[in-house]
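What follows is one structure encoded as structure tokens, with my remarks underneath.
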Amino acid sequence: VAIGSGSIAAADNSVALGTGSVAEEENTISVGSSTNQRRITNVAAGVNATDAVNVSQLKSSEAGGVRYDTKADGSIDYSNITLGGGNGSTTRISNVSAGVNNNDAVNYAQLKQSVQETKQYTDQRMVEMDNKLSKTESKLSGGIASAMAMTGLPQAYT
364 VAIGSGSIAA ADNSVALGTG SVAEEENTIS VGSSTNQRRI TNVAAGVNAT
414 DAVNVSQLKS SEAGGVRYDT KADGSIDYSN ITLGGGNGST TRISNVSAGV
464 NNNDAVNYAQ LKQSVQETKQ YTDQRMVEMD NKLSKTESKL SGGIASAMAM
514 TGLPQAYT
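Numbers 364 to 521, taken from our numbering, label the letters of the sequence shown in order.
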């Protein structure tokens, strides 16, 4: 079906709407051509899986999704993501599984465990060092006492 001056519906079950519109693929609706694009306005929000969406729905969906950073030239930088809009606000990420590989993020439970293990190791080493210092102190005290006792002994003079 072709509606409009110079419109062409060249494929089966295709519809061309508007002057100069071309529908060259089966089961499509065209409102323009490759050189004459048009907007479809006043489109209700899609409801079913096969409905079209409007820009409002798209922006709403985009706001809740992952947004990659952009490079200086305006292209998408797939290696960087800024959460929270990049305006200094923070974003919490929940339900993060434990990191496995070297380049995986860690979750809070993993971080707490690592800090606890580090603390336990440090505490253990401090106890061992304290014990060694106590033994050294005892030996030093014994040596000092011996040296002091020796000063009271008669000395040979030549």
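C-beta: ideal position from N, C-alpha, C; glycine also.
It should be emphasised that the depicted structure is a prediction, and the values quoted were computed from it without experimental measurement.
Contacting residues, own chain, Cβ-Cβ under 8 Å from residue i (five flanking each side not counted)
i      : result
Glu389 : Ala374, Asp375, Asn376, Ser377
Gly447 : Thr453, Thr454
Spatially closest choice to residue i from the options, by CA coordinates
i      : options                        : result
Ala372 : Leu380, Ala386, Gly381         : Ala386
Gly462 : Gln476, Asn494, Arg488, Thr485 : Gln476
Ala468 : Ala510, Ile456, Gly428         : Ile456
Val406 : Val418, Ser368, Asn399, Thr382 : Val418
Beta-carbon proximity list for residue i, same chain, < 6 Å, skipping 5 on both sides
i      : result
Lys434 : Asp440
Leu610 : Given that the chain is displayed from residue 364 to residue 521, the structure contains no residue 610 and the question cannot be resolved.
Gly409 : Ala415, Val416
Opening and closing residue of the alpha helix (DSSP H) in which residue i lies
i      : result
Tyr484 : 471-514
Val378 : It is not in any alpha helix (DSSP H) - Val378 instead sits in the beta strand (DSSP E) that spans 378-380.
Ala426 : 418-426
Cβ-based burial, residue i [other Cβ within 10 Å; buried from 16]
i      : result
Ser334 : The chain is shown only over 364 to 521; residue 334 falls outside these bounds and no answer can be derived.
Ser370 : buried
Ser384 : buried
First and last residue of the uninterrupted beta strand (DSSP E) at residue i
i      : result
Ser442 : 439-444
Thr433 : 431-433
Presumed contact (8 Å Cβ cut-off) between residue i and residue j, rounded CB distance
i      : j      : result
Asn470 : Val459 : 4 Å
Thr445 : Asp432 : 5 Å
Thr391 : Ser368 : Rounded, the Cβ-Cβ distance is 20 Å, inconsistent with contact.
Same chain, Cβ closer than 7 Å to residue i, five either side skipped, listed in chain order
i      : result
Val364 : Ala372, Val378
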